[in-house]
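Count along the sequence shown from 1, add 40, and you get the number used in my numbering. These notes are about the structure you will find just below.
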Amino acid sequence: STWRGFEAGQFIELTYELDGRRLTRCFSISSGPSHFAKTRTIEVTIRVDPNGRVTPRLREELEAGHFVGISDAKGMFSLNETTKRGPLLFIAGGSGITPLRSMLQEMFNEDYPPATTLLYYAHTADDHLFGRELERLKKRHPHIHIVKIATQTDGRLQAQHLVEHCRELAPQSAYICGPTGLIEHAQQLLGEFGVAASD
């Protein structure tokens, strides 16, 4: 394969032919680069939009052996050499966990990953993705702190969550992925705590 690989946190454009038309959508790569190096495969975790033209059809029609087009990996949402030293704060909302899962999957393979806190927001406790994998990561690296928050019972992101779950905020870098409202609110809150959010 001539595909050049990717950095944890990047996305691809996936093109699929539907009814004679090629349609393209962007999806985060949810597996880590080390998974690609071993298997020559990548994973994308696709949230199906019931009103969408593409994602419901992908779920219904796409099977092993079908061909899709993928672009080179894109996006600047990845760890850089400075932030790799940590400590890090990840904030995910819903399907926004996918690029952060790629980063965490890479950390699982490291002997000494940076101290990291993940605040993972989903509507209910049953809506959190990758539950077993996150538990395995937590057991292997106890200094990676994973907090699953059900917004239905515990509320959306608030200052109290940062105080309660993030032991060392500054000079931490933060990576945020999720709905626009979550990102904007997180940036405002983190700014008040003196934390720089990644672009």
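Where a beta carbon is used, it is the ideal one built from N, C-alpha and C, also for glycine.
Tell me the DSSP secondary structure of residue i in three-state form.
i, result
"V84", "strand"
"L140", "helix"
"G221", "helix"
"T42", "coil"
"L119", "coil"
"G234", "coil"
"E100", "helix"
"E146", "helix"
Using the DSSP secondary-structure output, state which residues sit across from residue i in a beta bridge.
i, result
"H94", "Going by the sequence as given, residue 94 is Val instead of His. V94 is not bridged to any residue."
"K114", "F51"
"G109", "T55"
What residue range does the alpha helix (DSSP H) around residue i cover?
i, result
"I131", "Run containing I131: none in the alpha helix (DSSP H); it sits in the beta strand (DSSP E), L128 to G133."
"S18", "No answer is possible for residue 18: it lies beyond the span of the chain, which begins at 41 and ends at 239."
Name the two residues that bound the continuous beta strand (DSSP E) containing residue i.
i, result
"L63", "R61 to S68"
If you measure from the CB of residue i, is any heavy atom of the ligand NAP nearer than 6 Å?
i, result
"I82", "As far as ligands go, the structure on display features none, and thus does not contain the ligand NAP."
Quick check: the region 91-103 against the region 113-131, are at least 3 beta-carbon pairs closer than 8 Å?
no
Would you call the region 116-133 and the region 75-91 touching, i.e. three or more CB-CB distances under 8 Å?
no
Threshold first: 3 residues or longer. Then list the beta strand (DSSP E) segments lying entirely within the region 155-217, N to C.
156-162, 184-190 and 213-217
Below 8 Å, how does it come out for the region 149-160 and the region 58-69: are there three or more Cβ pairs, yes or no?
no
Can we say the region 169-177 touches the region 195-203, given the rule of at least three CB pairs closer than 8 Å?
no
Measuring CB atoms only, is the region 139-154 touching the region 220-239, in the sense that at least three cross pairs come out at less than 8 Å?
no
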